[in-house]
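K.L.:
One structure, pasted below without further comment.
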Amino acid sequence: MKRISSLVFFALLSLFVSSLALAHGKAETTAPQVLIAGPSNGQVISGSEITVDLIATGVTIQKADGQHVDGIAHFHLFLGTEEMTPKAGEPLGKDWVHTAETKYTFKDVKPGKYVLTVVLADGKHVPLEGATAKATVQFATEASVGQPPPATETKKEEHTMEQGKKMDEKMMQMHNQHTMLLVIGLLLVAAVAVYVFFFNK
88 MKRISSLVFF ALLSLFVSSL ALAHGKAETT APQVLIAGPS NGQVISGSEI
138 TVDLIATGVT IQKADGQHVD GIAHFHLFLG TEEMTPKAGE PLGKDWVHTA
188 ETKYTFKDVK PGKYVLTVVL ADGKHVPLEG ATAKATVQFA TEASVGQPPP
238 ATETKKEEHT MEQGKKMDEK MMQMHNQHTM LLVIGLLLVA AVAVYVFFFN
288 K
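Count along the sequence shown from 1, add 87, and you get the number used in my numbering.
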């Protein structure tokens, strides 16, 4: 009878630990996200070159290879006068710039107001699903009228540092969850050992 009780206890324990592991796996799954660290919204840029700084989380950035692999993506950028909304499930066209670098420079940009759209796409250039896989920013060149004064490099650096801080906090939360689940697992193993030692003689 004690042996049957032990088997039932072990079965329930295994089911509980498996549920914890599954929940932990879901907690660590981060949705693909792209952030535009620069330029910033409302910025007025002097000159004809626009340097874009990008940050991606939840995916590994690699050059497109014509294949769809979960967790692998690259950047697609579109510089225009309005926000671009790509069609779901369809490859992005040649009017989009695609790159695996976190920094890209548009050259020979004429004076005016612009909207930069950035999308994460797979190796087949198909946009990834999810609202966070797309980001936009509005800015203008120096010749535009009625825009706010140029943003300083200090503000740009502060914006980048703020984005990095948010990602660090997110990673710390995931680490704390992992540690908590590990401690619970160790306590359960210890409980099983005590149970077997004292009640299964």
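Every residue gets a Cβ at the ideal spot worked out from N, C-alpha and C, and that includes glycine. Small disclaimer: the values here were computed from a predicted structure and weren't measured.
Quick one: using the 10 Å Cβ neighbour count with 16 as the cut-off for buried, is Met171 buried or exposed?
P.N.:
Label assigned to Met171: buried.
K.L.:
Work out the CA separation of Thr117 and Leu275 for me, nearest whole Å.
P.N.:
So the two alpha carbons sit approximately 28 angstroms from each other.
K.L.:
Here's a check: name, in chain order, each residue in its chain whose Cβ is nearer than 6 angstroms to the Cβ of Thr189, leaving out the five neighbours to either side.
P.N.:
Cβ within range, chain order: Leu141.
K.L.:
Does the region 173 to 184 come close enough to the region 141 to 160 that 3 or more CB-CB pairs lie under 8 angstroms?
P.N.:
No, because fewer than three Cβ pairs between the region 141 to 160 and the region 173 to 184 fall closer than 8 angstroms, the two stretches do not touch.
K.L.:
Classify Thr168 as buried or exposed, calling it buried when 16 or more other Cβ atoms lie within 10 Å of its own Cβ.
P.N.:
When all chains shown are included, Thr168 counts as exposed.
K.L.:
Can you name the start and end residues of the beta strand (DSSP E) that Ala227 belongs to?
P.N.:
Looking at the DSSP string, the run of the beta strand (DSSP E) that includes Ala227 is Lys221 to Thr228.
K.L.:
State the DSSP-derived secondary structure class of Gly145, mapped to helix, strand or coil.
P.N.:
Of the three classes helix, strand and coil, the one that applies to Gly145 here is coil, per DSSP.
K.L.:
Rounded to whole angstroms, what's the CA-CA distance from Lys211 to Val121? Just pull it up for me.
P.N.:
If you take the alpha carbons of Lys211 and Val121, they lie about 18 angstroms apart.
K.L.:
Return no unless some Cβ of chain B is closer than 8 angstroms to the Cβ of Thr189.
P.N.:
No chain B is part of this structure, which consists of one protein chain only.
K.L.:
Looking at the structure shown, is Leu215 part of a helix, part of a strand, or coil, going by DSSP?
P.N.:
It is coil, neither helix nor strand.
K.L.:
Near Val202, which residues of its chain fall below 7 angstroms by C-beta distance, leaving aside the five closest residues on each side in sequence?
P.N.:
For Val202, where only same-chain residues beyond five positions count, the Cβ hits under 7 angstroms are Gly167, Thr168, Glu169, Glu170, Thr223 and Gln225.
K.L.:
Could you check what DSSP says for Leu179 in three-state terms: helix, strand or coil?
P.N.:
Coil, per DSSP.
K.L.:
Using only the alpha-carbon positions, how far apart do Val139 and Lys174 sit?
P.N.:
Rounded to the nearest angstrom, the two C-alpha atoms are 23 angstroms apart.
K.L.:
Helix, strand or coil for Gly167 per DSSP?
P.N.:
Strand, per DSSP.
K.L.:
Short of 7 angstroms in beta carbon distance, which residues of its chain neighbour Lys150, apart from the five on each side in sequence? Order them along the chain.
P.N.:
For Lys150, where only same-chain residues beyond five positions count, the Cβ hits under 7 angstroms are His161 and Ala187.
K.L.:
Please list, in chain order, all residues of the same chain as Lys221 whose beta carbon is under 6 angstroms from its beta carbon, the five residues on each side excluded.
P.N.:
If we look at Lys221 and ignore the five residues flanking it on each side, its Cβ neighbours are Val206.
K.L.:
Val270 by DSSP, collapsed to three states: which one?
P.N.:
Helix.
K.L.:
Could you say which of Lys197, His185, Pro119 and Val196 lies nearest to Gly153 if we only look at CA atoms?
P.N.:
Minimum Cα distance to Gly153 is reached at His185.
K.L.:
Please classify Glu276: does DSSP put it in a helix, a strand, or coil?
P.N.:
Per the sequence shown, the amino acid found at residue 276 is Val instead of Glu. If DSSP states are grouped into helix, strand and coil, Val276 belongs with the helices.
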